Every structure is written in structure tokens, then in C-alpha cells.
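A short worksheet on the structure shown next.
Residue numbers (the working numbering), protein chains in the order written: chain V, 10 to 487; chain D, 21 to 527.
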């Protein structure tokens, strides 16, 4: 193993990823034959190494005067990121648009860069480091969104995420500046009370910072870029985009709101509740008329963020634990659903819901997997999404916010309408005869879809496993 | 109290295991599929009979307890037990499941998926009746709702309904009359109800301060009356949707009419009772003060159910809609019995749940047979069927007579108990419209019989009577109706034990 001095151990995961990036960079320059297989396998290998290494106790600790901390929360989140990236890489193998012009090397490097940025972000307890990680995460996302060069819509989607993203970065910088002016510090410790937080200037800084963060998690009212970008970008990447940056944003919110502003929890939780409620409503209602599976999943993802924010807004440790639980459930179900959309697209060439017609006959594997993912997203028992929804509602109820639980439950009913619609198209609608040819699913996709589906069901039958993960993540938080 | 064999888990999980086994069987062997389903349903039936016969009436209370902690920090346990009330309902479910499988013996396409979904549905229903942990209760309730969508949407039957009036374009664009419409309406309505139930459960959880979902513990620590009132409203609203309480019943006619036979049997026969059971067990059991203050309202709405359902049934031209509306009407009798909050009324309510469950199972099974033979559900196209389908005609008549409460059949006993209970309750005036409802039931039921079976026959096409396995479901159900009608003590003794214990909540 590479000798990493003890002082750098907490940042070792990031170092492994950087090593991976460098290796791939050089290989990309020199390889020409079978490039795709080698680079993607290598990426997966580095991801697996990082994942396995993250379980060792060596990674704990903090570095750079406690501004970069590697506590169980950060490590759990990083593990989730790695899983998401691995699924995305698995789904991207042999994707035609990505292979265009021999750009796969760049694709995988950019994915790893984004991963690196996310990992730095959730570990940072200091605003400038956070900003660094944030930008490192965001910029590759802009480039990756534009990867479908042949599709004109891709440029539109990429411009949208780029513009929204850079404005949010600017807001972030402004907020950091004002925060510093108000409180005299840009870093925080969990048990350290920052002075001057009740200062109106600090409140202003807070609002601006939250606007900046809100964009990344695609909460209301910052979600406008989501549907167009999702529709236009390559689907395996969209699967990743729908999950990982949102988890990062959540991690930032946790670090900032809970650790930095812990004493002020009653003040900001009402705003979080409102945003959560509005996000749930907007996400679910706008998904209803969608005829494109990617847009539908985009809006449904926005709605799910609303539920996660509910866990955050309950202001308790239990709420955060349940949000982490929800993230894990959402990760597999959402990425799985997008990967199924990718598989159907490869066969039918379109992302329209109609291409799902009679899927039960054309590919029982795809239709059953999609059904499992829909059930999880909709919150039907015995797949993990049910437990996730119920636990989030439980967390909110424990903090006394029963009205919003009712809203959440009613919005779930709305959500089930469009989810069941997909099920209806797959299983019930007759369609024309040309829809009856079998769908060939490439191995990498069937592997990734299969893993996700099995996990969604298995974890649904044994949710205690995920609860333990969530509890372990929050074990050092008081 | 048999602690060695987990009878309840066996009853509940046997259909689930059956579904799992079915999912790996090949599609082609239709007979193996049907027999596997039958086997696992039979296990449940034998289990429930064993349960019922061995329920210790002298001991009373909750028996066959199984406790397994699932998430102790949250207070969730796998807590199953039955008392006199739920043991009857478990028996009902098992009977309807087995007869439903018989009635679906000749499912034309994708029988494997059909039976898998039916078995999953049954697991959910069994689970609700035997759960004493609110979280698990809700879990099984949700499990029961989803297979409905696929069952009705794929195997249901559509009918053409012409929308009339100024909104006809808008109404017909929703797909009124098609099975997809019925399926979606039913599923969304029931999930809508479940949202309120969820909030109610979470409210009880958080306000009781006990950090537990355990029914027994919550029962011992009741909430304050003012809190109880609005939680009871949530439960009544949520469970009432499932029970077909007016005005939340509108999913029922469309849903039942579009559903395939076994699904209608299970739904009208058992699931609607689930709603009433939820109101009684959770609503009245955990929130007794609120139940007492709301009892007049519940009774009044129940009476509206009876009369409205009866009038609705009278009006229908589609046979399945007639039976569906009659279910709405009879659920009114169940709710009336529950609202009386006295021993006779509650006994009648539970007995009516059982009796109506069997009866509606019978009627839907027969309607399914008629539809298969005559290829129409339109009453105006039928007539004089008795000559060519004498057996079906007889069974249908027995079902109708139970419906209108003829002595000698179980319906009479149940209805009489409910009415006597209503008379003994604080608001005896309920009785007047309720008995009027019975009269109306006679009107529409006898008329429907006349139109379909007697009189001149329109068609000269040959109609077959029931044959083969199709005999089994109606015969079993009719026998039960007659048996319980002549000797209701079989059921009432056990029910009474449960009811008396339950009423101790209301000293």
C-alpha cells in the first residue's frame, strides 16, 4: 500500500481518488484499444478500494486545524457517494454518446472529480473549504451535463445547470463574506458557540447561504433547472446527478445548520418546514402531467428531497438519522429507475412513457425491476421506500409537526398516481403490435439494475441494517 | 393459548409463502399454479378454523399472542393476537380466500400473477386483523391496498357508461367505466384514507408519550378527551373511506364493478370490514371518550349509508353495481351496530360483518358466473335465466334473502341484533330509517331476482348452469349462511366474549 503519513490519514480516501484520477488521466493519453473496458474497470477498482478502505478505523480524525473532519457522518456519506458513482460507472459502460469521440476517459475522470468534490464538501467544517469542495463538485457536473453533443437539448440543459450553478456559487461567496463580517469566523466546531449569530447581518448571511445550498439539493424554489437538465444529459449520468449532489447538499445543510447553528434550531426549523412542504407539493404536482420518464423522475426526485428536508426540519438527531435512511432508500430506487429508463431507451430510442408499453411482455426483468423501484419510490410496504417514508413521518411526528405529516402523506397519494401510471403502461395498456419485440439489456445495465432491485427488496425486508448504518453515522453527534 | 405453534403467523404468512413459491413456478402449468394457491389458502383456512374452535371462551381476552421486538428504540414490535372479534374476522377472510380461489379457477390469462397478487392481498388482510402493534397494523393495511390496482387493472372488466349532463365531455375523458378508471379510483381513494390513518397513528404515538406502538399499552394510557376527538375524526375519515362510509364510498361501486370476481369477493367481503374493524378497534378502542361523543354522528351517517345505498342499488342497470351498492348499504348496518356502543349492537355489528362478508362473496361469485355465461352485466338484457341456470338462480335467491334479512339465514340474526341494540341506545330514532332501509333492500333485491331469473327470456342462446369447480364456492357460502342463520350460537358465543371485553373500555 502507498505510504500515507499518519497526519494525512483522515484525507486518505480523497488521496486514493486523486491517485485514481491521475492513473486514468495517463492511461487515457496512451491507450487506444479497448480503452472503454480498461478505464471503466480501473475506475470501478479504485472505487472499490476506497469503499473498502473507508471501513477501517484509520480514516477517522481531523486535519488542517480541524477544518477537515473525517467523522462517521462524513464517512457514511462518502460511502454512499461511492456506491452512487459505482452504479453510474456500471451503467455508463458502452454508452454510445459517451464513447463518441473517444471521450470516455474524460467522462470517468470527471465523475471521479465530482466525487472528490463531494467528499471534500461533506468533510469540511470551514466555509472556504466547503466552497472549494462545492465548486470542485459542481464544475464537472456542468461539463458532464453537456456530454450528449449530438442532442441539441443537451446544450440547453447544460446551460441551465451552469447558470443556476454559478449564480448559486456567487451567492455562496457573498454569504460567506457577510458571515465572516458578522461573526468574525468562517469555521465552526460542534460545541463551539459562534458569536454574533443573532446579528441581523448574520441572519442575512444565513439566508443567502441557504439559497446557495438550496440550489444543489434542488429544493423549492431552486428546482427549475432540474427537469431540463435531466432530460438532456446522458441517462446514467442523470441517475448519478439525481442522487449524489443532493446528498452533498444535505450533508452541507447538516454540517452548517446542526453543527454550526445548533443553538438556533428552533429559528430555522420553521423555514425548513415551509421549504419542505412547498418542495413536496411542487415536485409531486408538477410530475403529474409529465410524458417523459426522465422528467417524471426528475420531478419525483424533487418531491423526495421535500421528504428528506422534513427529516432535517424536525431538528432532532433522530430526524437526521432517518434522513440518512431515506437517502439510502432513495439512492437505489432512483438510480435503478433511471437505469431502467436507459435500458428501455437503448431499445426503443425514446424516453417517452409510451416506450414502456407492454414492457411486461418484452422484458420481464425490466418490468419487475421498474415495478420494485416504483413501489419503493411510492412508499408501498416491503420495499425499503416504505420504511423510509414512515420513519421520516415518525421523526416529524416526534417533533410535533403533524400537519405537515398529513400533507406529506397526501402528497404520497398524488405521487402514487403517476407512479401507478407507469405501472399501468407497463402492465395493463395494450399498445400497438410493434411494441412487442423483446428488449435486449446489456450486461452492465442488467447488473446495475439487478443489484439495485435486490437491495431495494432485501433492505426492505430487513430495514434494521440500514437503521444501524444511519445510527452509526450519527454516533459522534450530540 | 398455544405458545408453541405460532398459529397466527402461519395463517398470515401462508399466503405470502404461497406467493413466493408461485413466483418461481413456470407459467405453463396452470393446474400446478391453481393447486398451489389452493393449498396455501387451505392452510390458512384450516389454521383459522383451528383458531376459532380452540379460542378459549372462558378465558377471553387476547389469545395466541406472538411478540417479537422489531425496533425496540422506536417501540415497534411484531405483536399478533386475536380476541373474540378478530378471530371471527380471520375466519371470514380465510373462507372468502378459499372460495375466491375456487371462483377464479378458470382465469384465462396470466393466472400465475393473478394468484400471486391475490395471495399477497390476503396476507395483508390477515395481518391487519391480527396485529396489535399500530405500526405493523398500518404496514399490513398498506400491503393490502396495492395489489388491488394491478388486480383490477389487468384482470378486471370494463363497461361502457355514457356520461350525461353538462359535464359529460369532462367525465367521459376520465375513462369512466373502464377498469383502469375503477382501479385507479379505488387505489387512490384507499391510499388517501390511509394518509389520515397514518397521521392518526403517529398522533397517538407522539401524544401518548410512551414511545410505543403497542396497542395494549396504549389502551391502558388513554389520551385526554379533547385530543381524542380530532384523532378519532382522522381515524373515522381514514377507515371510513375503506369501510364505505357515506360520502366516502364512491370508490366502491366503480371499483367493485370493474374488479374480477375473486377481487370483488375479497374486497366487498373482507376489506370493507377492515375499515369498520379499524374504526372499532383503533378508533373506539383507543379513543373511547371521543367515540361516545361522536356516537350519534356515526349512527346518523350509518343510517344514511343504509338508505342511500339501498336507493342507489335500486336505480342500477348493471348487475355488479347493484351488488356493490348493496354492500355500501349493508356496511351501514355494521356501522350502526358499532355506533350503538352496547353489547347487542356490537354483537350484531360483528355478526353482520361476517354474514355480509359471506353473502356478498356469494353474490359476487354468482355475478361472475352469470357474466361468464351470459356475457353481459346489463339487467335489461337478462330474463328467465332460472330455467336454464336453476342452480345459480337458487343460490342467488338465497343470497338475496339473506340480504333482506329473512329469518333462517344469517342476515336476519345480524340485523335484528343491530336493531335491538339501536333501540337500546341513547338515540333509538335511528331505527326508523334503518328499518326502512331493510324494506328498500327487499324491494331492489327481489326486483333484481325477478328481472334476471324469472319472467320471459330474451335470448335463445344456450346458457349453461354451473359446472365443475364453479359449484364449490356458492355451495360452501350458502351452507355457511344457512348454518349461521339457524344456529348463530356457533359464532355469537365467541363474538360476545370479544365484545364484552371490548366494551369494558367504556365504563
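Glycine included, C-beta positions come from ideal geometry on N, C-alpha and C.
Model, not experiment: these values are computed from the prediction.
Legend entry - Neighbouring residues, chain D, relative to residue 403 (chain V) (Cβ below 8 Å): As a first step, residue 403 (chain V) is located in the first chain; it is residue number 394 there, counting from the start. Chain D residues near residue 403 (chain V): 94, 222, 225.
Legend entry - Run of the alpha helix (DSSP H) containing residue 376 (chain V), from where it starts to where it stops: Translated into the one-based positions of the first chain, residue 376 (chain V) becomes position 367. Looking at the DSSP string, the run of the alpha helix (DSSP H) that includes residue 376 (chain V) is 373-387.
Legend entry - Among V:293, V:56, V:19, the one whose alpha carbon lies nearest that of residue 99 (chain V): Taking the first residue of the first chain as position 1, residue 99 (chain V) is located at position 90. Closest by alpha carbon: V:56.
Legend entry - For residue 209 (chain V), the three-state DSSP class (helix, strand or coil): Residue 209 (chain V) sits at position 200 when you count from the first residue of the first chain. When secondary structure is reduced to three states using DSSP, residue 209 (chain V) falls in the helix class.
Legend entry - N-terminal and C-terminal residue of the beta strand (DSSP E) that residue 72 (chain V) is part of: Within the first chain, numbered from 1, the residue matching residue 72 (chain V) stands at position 63. Note, residue 72 (chain V): beta strand (DSSP E), 70-72.
Legend entry - DSSP three-state assignment for residue 238 (chain V), whether helix, strand or coil: The residue given as residue 238 (chain V) occupies position 229 in the first chain. Here residue 238 (chain V) sits in helix by DSSP.
Legend entry - Start-end ranges of the alpha helix (DSSP H) lying completely within the segment 247-302 of chain D, minimum 4 residues: 271-278, 281-286, 292-298
Inset, instruction - With 9 Å as the threshold, decide whether the Cβ of residue 302 (chain D) is near any Cβ in chain V. - result: In the second chain, the residue the question calls residue 302 (chain D) occupies position 282. No - not a single Cβ of chain V is within 9 Å of the one on residue 302 (chain D).
Legend entry - Beta carbon proximity, residue 420 (chain D) to chain V, threshold 9 Å: For this step, residue 420 (chain D) is matched to residue 400 along the second chain. Not closer than 9 Å to any Cβ of chain V, the Cβ of residue 420 (chain D) fails to qualify, so no.
Legend entry - Secondary structure of residue 420 (chain D), DSSP reduced to three states: Numbered from its first residue, the second chain carries residue 420 (chain D) at position 400. Three-state DSSP puts residue 420 (chain D) in a helix.
Legend entry - Strand pairing of residue 96 (chain D), partner residues [DSSP]: For the purposes of this step, residue 96 (chain D) is taken as residue 76 along the second chain, with counting starting at 1. The partner list for residue 96 (chain D) (beta bridge, DSSP) reads D:91.
Inset, instruction - Just the chain V side, please: which residues come within less than 7 Å of residue 219 (chain D) by C-beta, in chain order? - result: Within the second chain, numbered from 1, the residue matching residue 219 (chain D) stands at position 199. Near residue 219 (chain D) (Cβ distances below 7 Å), the residues of chain V are 411, 414, 415, 418.
Inset, instruction - Would you mind telling me which residues of chain V sit closer than 9 Å to residue 44 (chain D), beta carbon to beta carbon, in chain order? - result: For the purposes of this step, residue 44 (chain D) is identified with residue 24 of the second chain, where counting begins at 1. The contacting residues do not exist; residue 44 (chain D) stays about 13 Å from chain V at best.
Inset, instruction - Kindly identify the DSSP beta-bridge partner or partners of residue 79 (chain V). - result: Against the first chain, residue 79 (chain V) aligns to sequence position 70. Per DSSP, V:70.
Legend entry - Three-state class that DSSP yields for residue 84 (chain D) in the structure shown: In the second chain, the residue the question calls residue 84 (chain D) occupies position 64. Residue 84 (chain D) falls in the strand class under three-state DSSP.
Legend entry - Rounded C-alpha distance that separates residue 146 (chain D) from residue 110 (chain D): For the purposes of this step, residue 146 (chain D) is taken as the residue at position 126 of the second chain. For the purposes of this step, residue 110 (chain D) is taken as the residue at position 90 of the second chain. So the alpha carbons of these two residues sit roughly 6 Å apart.
Inset, instruction - Could you name the residues of chain D that residue 395 (chain V) contacts, counting a contact when the two beta carbons are closer than 8 Å? - result: Here the question's residue 395 (chain V) lines up with position 386 in the first chain. The contacting residues are 159, 162.
Inset, instruction - May I ask you to report which of helix, strand or coil DSSP gives residue 22 (chain D)? - result: The residue given as residue 22 (chain D) occupies position 2 in the second chain. Only weak support is given to the placement of residue 22 (chain D): the predicted model assigns it a pLDDT of 44, under 50, and the value that follows is read from those uncertain coordinates. Note: residue 22 (chain D) maps to coil in three-state DSSP.
Inset, instruction - Please determine, among V:287, V:416, V:134, V:437, the residue with the shortest C-alpha to C-alpha distance to residue 195 (chain V). - result: Taking the first chain and counting its residues from 1, the one referred to as residue 195 (chain V) is at position 186. The candidate whose alpha carbon is nearest that of residue 195 (chain V) is V:134.
Inset, instruction - For residue 151 (chain D), decide whether its Cβ has a neighbour in chain V, counting only Cβ atoms nearer than 9 Å. - result: Walking along the second chain from the start, residue 151 (chain D) turns up at place 131. Not flagged as an interface residue toward chain V: residue 151 (chain D), since no C-beta distance is shorter than 9 Å.
Inset, instruction - Could you name the residues of chain D that residue 421 (chain V) contacts, counting a contact when the two beta carbons are closer than 8 Å? - result: Locating residue 421 (chain V) in the first chain gives position 412, counting from the first residue. Here the neighbours are 211, 215.
Inset, instruction - Find out if the Cβ-Cβ distance for the pair residue 138 (chain D), residue 57 (chain D) is shorter than 9 Å. - result: The residue labelled residue 138 (chain D) in the question sits at position 118 within the second chain. The residue labelled residue 57 (chain D) in the question sits at position 37 within the second chain. Between residue 138 (chain D) and residue 57 (chain D), the C-beta gap is smaller than 9 Å, which places the two residues in contact.
Inset, instruction - Check whether the segment 206-217 of chain V touches the segment 84-98 of chain V, taking contact to mean three or more Cβ pairs, one atom from each stretch, closer than 8 Å. - result: No contact exists between the segment 206-217 of chain V and the segment 84-98 of chain V.
Inset, instruction - Could you work out which residues of chain D lie near residue 390 (chain V), taking near to mean beta carbons separated by less than 7 Å? - result: For the purposes of this step, residue 390 (chain V) is taken as the residue at position 381 of the first chain. Correct list: 159, 162, 163.
Inset, instruction - Could you tell me whether the Cβ of residue 277 (chain D) comes closer than 9 Å to any Cβ of chain V? - result: Taking the second chain and counting its residues from 1, the one referred to as residue 277 (chain D) is at position 257. Chain V, which has no Cβ nearer than 9 Å to the Cβ of residue 277 (chain D), makes this no.
Legend entry - Span of the alpha helix (DSSP H), counted from its first residue to its last, around residue 140 (chain V): In the first chain, the residue the question calls residue 140 (chain V) occupies position 131. From DSSP, the alpha helix (DSSP H) with residue 140 (chain V) extends over 136-154.
Legend entry - Assumed close pair residue 287 (chain V), residue 296 (chain V) - CB separation to whole angstroms, cut-off 8 Å: Locating residue 287 (chain V) in the first chain gives position 278, counting from the first residue. Locating residue 296 (chain V) in the first chain gives position 287, counting from the first residue. At roughly 15 Å, the Cβ-Cβ gap does not stay under 8 Å, so residue 287 (chain V) and residue 296 (chain V) are not in contact.
Inset, instruction - Spatial neighbours of residue 281 (chain D) within its chain, please: CB distance less than 7 Å, with the 5 preceding and 5 following residues excluded, ordered by chain position. - result: As a working note, residue 281 (chain D) is residue 261 in the second chain. Once the five neighbours on either side are set aside, the close Cβ partners of residue 281 (chain D) are 123, 124, 384, 385, 388.
Legend entry - Stretch-stretch touch, CB-based, cutoff 8 Å, three pairs: the segment 251-271 of chain D with the segment 209-217 of chain D: yes
Inset, instruction - Could you pull the start and end residues of the alpha helix (DSSP H) that residue 360 (chain D) belongs to? - result: Residue numbering aside, residue 360 (chain D) sits at position 340 when the second chain is read from its first letter. Residues 339-360.
Legend entry - residue 410 (chain V): first and last residue of the uninterrupted alpha helix (DSSP H) it sits in: On the first chain, position 401 is the one that residue 410 (chain V) refers to. For residue 410 (chain V), there is no enclosing alpha helix (DSSP H), since its DSSP letter is neither H nor E.
Legend entry - 9 Å Cβ cutoff met for residue 29 (chain V) and residue 50 (chain V): Residue 29 (chain V) sits at position 20 when you count from the first residue of the first chain. Residue 50 (chain V) sits at position 41 when you count from the first residue of the first chain. It is not a contact, given that the beta carbons lie outside the stated cut-off.
Inset, instruction - For the alpha helix (DSSP H) containing residue 15 (chain V), list its first residue and its last residue. - result: Stepping through the first chain from its first residue, residue 15 (chain V) is reached at position 6. Per DSSP, residue 15 (chain V) belongs to no alpha helix (DSSP H) and is neither H nor E.
Legend entry - Cβ shell of residue 101 (chain D) (< 8 Å), same chain only, five flanking positions each side left out: In the second chain, residue 101 (chain D) corresponds to position 81, counting from 1. The residues are 28, 82, 83, 84, 85, 86, 150, 152.
Legend entry - Residue nearest to residue 248 (chain V) in terms of C-alpha spacing, selected from V:131, V:427, V:469, V:346: Along the first chain, one-based indexing puts residue 248 (chain V) at 239. Answer by Cα proximity: V:346.
Inset, instruction - Could you check the C-alpha separation between residue 50 (chain D) and residue 335 (chain D) for me, to the nearest Å? - result: Within the second chain, numbered from 1, the residue matching residue 50 (chain D) stands at position 30. Within the second chain, numbered from 1, the residue matching residue 335 (chain D) stands at position 315. Residue 50 (chain D) and residue 335 (chain D): Cα-Cα distance of roughly 40 Å.
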